[in-house]
Amino acid sequence: MFFSLGIDCITNQESTFVEKREKWFEWLPAAADPRFGRLCGNASGAYLMADEIGGKGRTFNFYGANLIRKYGSDWQTKWRESAYARLKSWGFNTIANWSLQDVIDNAQMPFTACAHINADFRRIEGGGGYWGKMMDVYDPAFADAVEAAVAPVAKRYASNRYLLGYFVDNELSWDSIDWATLASPPDQPCRVVLIKQLTDKYATIDALNKAWGTSAKNWHDLRMPATLNASSRADLGAYVYAFSRRYFETVKAAIRKHDKNHLYLGCRFMANAPRSAVRACADVADVVSYNIYERRIDCSRFSGENDMGRPIIIGEFHFGAMDRGMFHPGLVDAGSQHGRAESFIDYVRSAADCPAVVGCHWFQYVDEPITGRYFDGENYNIGFVDVTDTPYPELVGAARKVSAEIYTRR
Numbered sequence: 006m007f008f009s010l011g012i013d014c015i016t017n018q019e020s021t022f023v024e025k026r027e028k029w030f031e032w033l034p035a036a037a038d039p040r041f042g043r044l045c046g047n048a049s050g051a052y053l054m055a056d057e058i059g060g061k062g063r064t065f066n067f068y069g070a071n072l073i074r075k076y077g078s079d080w081q082t083k084w085r086e087s088a089y090a091r092l093k094s095w096g097f098n099t100i101a102n103w104s105l106q107d108v109i110d111n112a113q114m115p116f117t118a119c120a121h122i123n124a125d126f127r128r129i130e131g132g133g134g135y136w137g138k139m140m141d142v143y144d145p146a147f148a149d150a151v152e153a154a155v156a157p158v159a160k161r162y163a164s165n166r167y168l169l170g171y172f173v174d175n176e177l178s179w180d181s182i183d184w185a186t187l188a189s190p191p192d193q194p195c196r197v198v199l200i201k202q203l204t205d206k207y208a209t210i211d212a213l214n215k216a217w218g219t220s221a222k223n224w225h226d227l228r229m230p231a232t233l234n235a236s237s238r239a240d241l242g243a244y245v246y247a248f249s250r251r252y253f254e255t256v257k258a259a260i261r262k263h264d265k266n267h268l269y270l271g272c273r274f275m276a277n278a279p280r281s282a283v284r285a286c287a288d289v290a291d292v293v294s295y296n297i298y299e300r301r302i303d304c305s306r307f308s309g310e311n312d313m314g315r316p317i318i319i320g321e322f323h324f325g326a327m328d329r330g331m332f333h334p335g336l337v338d339a340g341s342q343h344g345r346a347e348s349f350i351d352y353v354r355s356a357a358d359c360p361a362v363v364g365c366h367w368f369q370y371v372d373e374p375i376t377g378r379y380f381d382g383e384n385y386n387i388g389f390v391d392v393t394d395t396p397y398p399e400l401v402g403a404a405r406k407v408s409a410e411i412y413t414r415r
């Protein structure tokens with residue numbers, strides 16, 4: 006048995022905007038500075054907390070600057086080796102998602118690889134979501150986009166004996182598929198598919214209205230009912246399943262084309278993912294993955310009638326506090342560093358005690374920049390280490406304690 010206890014984002018590359026914020030900082034190097042200039046950058050595409058600068062501008066990596074001060078000219082190698090030693094000392098056995106490529110490539114311990122489908126093809130126009138609109142898997146360009154995303158990653162790691170498997174995408178807007186499809190224009194590929202499914206079943210809009218309790222004037226006018234009845238819930242659930250299965254089958258085919266031996270670890274659902282989408286994932290992927298930001302794992306979510314017949318891995322969880330100088334505790338406030346430690350122990354125990362769960366990965370290795378990561382402004386106290394590369398002793402002690410229990414608890 007292997008229970009994957011890991012940390013996400015083992016990286017030294019996270020930057021914060023300094024554009025139009027120069028007065029916030031008592032020190033900023035020039036881009037030409039021979040020692041620290043390499044940590045200056047320019048970023049674009051930020052979609053939260055950067056409206057004043059148009060979502061783009063100059064950045065700086067303060068964590069990297071502290072690593073240069075700590076380790077000297079060979080800071081990246083020394084930091085990487087320190088991270089490996091820390092993980093093992095703290096009881097972790099997995100380098101988890103979004104870790105630096107150099108960290109993965111030189112790893113002598115299990116790791117996960119990841120890919121993201123970001124090519125230029127249609128999203129569901131009527132939808133939304135925190136990370137953006139859901140991709141339209143019925144767009145003819147979708148399969149090529151999947152191949153373009155997956156192939157480079159699978160080719161790179163297929164022969165690596167430490168690879169556990171592949172996560173593809175993260176926290177997609179699965180909960181928007183049904184209503185977003187019905188809110189989209191008539192030529193939206195997924196809407197065309199849904200309307201065909203409904204016309205094949207009901208033939209006329211009057212028949213559908215009678216079954217759904219709606220009053221659409223025609224098929225183009227059909228939108229998501231304010232309240233679902235048994236018929237509409239079943240029809241839309243079937244559509245979400247078919248949509249989701251197409252996504253997972255396309256991704257798995259791309260992985261298997263280049264790597265027949267490692268696991269497809271799913272898509273990292275948020276906790277509110279619709280059951281139809283989760284069912285489709287379980288029917289195709291090797292593992293179903295969730296990011297669950299709660300106090301502990303509720304095993305009933307994965308047992309009894311909720312048992313999907315696939316192992317579950319938790320891709321993200323964390324606890325934060327504001328007692329050591331940070332301004333935001335993250336998604337689950339533990340109140341203090343002691344609270345973070347106790348919460349970590351309780352969460353990992355709850356995961357280890359749940360038969361379906363085969364691992365949980367902490368998000369993330371280092372605290373986010375106190376002035377916010379550049380692309381969305383997150384500034385959480387969620388690291389095992391702070392910006393000076395100093396570990397939080399309470400959290401380290403908790404990890405050592407609970408990691409030693411896992412295999413006796415199973």
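Just so you know, the sequence shown maps onto residues 6 to 415 in my numbering. Glycine included, each C-beta is placed from N, C-alpha and C at the ideal position.
Item	Value
Segment limits, beta strand (DSSP E) that includes CYS45	45 to 48
Cβ neighbour criterion (16 or more within 10 Å) applied to ARG415	exposed
Length at least 3, wholly inside the region 337 to 383: the beta strand (DSSP E) runs in chain order	362 to 367
Distance between ALA112 and TYR89 (C-alpha atoms, nearest Å)	8 Å
Burial state of ASP296 (16 or more Cβ within 10 Å)	Correcting the residue identity first, residue 296 is Asn in this sequence and not Asp. Looking at its Cβ environment, which holds 16 or more other Cβ atoms inside 10 Å, ASN296 is buried.
PRO157 versus HIS121: straight-line alpha-carbon distance, rounded	11 Å
Proximity to VAL390 [Cα-Cα], best of GLY382, GLY271 and GLU399	GLU399
Spatial distance of ASP174 from LEU10 (CA atoms)	20 Å
Euclidean distance between Cα positions of MET229 and THR209	17 Å
Touch test, the region 101 to 116 against the region 168 to 182, Cβ-Cβ under 8 Å, three pairs minimum	yes
Length at least 4, wholly inside the region 56 to 91: the alpha helix (DSSP H) runs in chain order	67 to 76
6 Å CB neighbourhood of ILE317 in its chain, flanking five on each side removed	VAL293, PHE307, ALA361 and VAL362
Closest by C-alpha distance to TRP179, when choosing among ALA70, ASN223 and TYR244	TYR244
8 Å contact criterion, which GLY132 and ALA221 should meet: CB distance rounded	With a Cβ gap of about 19 Å, GLY132 and ALA221 do not count as contacting.
Rounded separation between ASP372 and ALA55 - CA only	20 Å
Buried/exposed call for THR393, threshold 16 Cβ in 10 Å	exposed
Helix, strand or coil at ASN296 according to DSSP, with G and I counted as helix	strand
The beta strand (DSSP E) enclosing VAL158, as first and last residue numbers	Careful: VAL158 lies outside any beta strand (DSSP E), inside the alpha helix (DSSP H) at 147 to 162.
Member of ARG354, ARG161, GLY271 and SER49 whose CA lies at the smallest distance from the CA of ILE109	ARG161
Chain-order list of residues whose beta-carbon lies under 7 Å from that of ALA346 (same chain, five-residue window excluded)	GLU399, LEU400, GLY402 and ALA403
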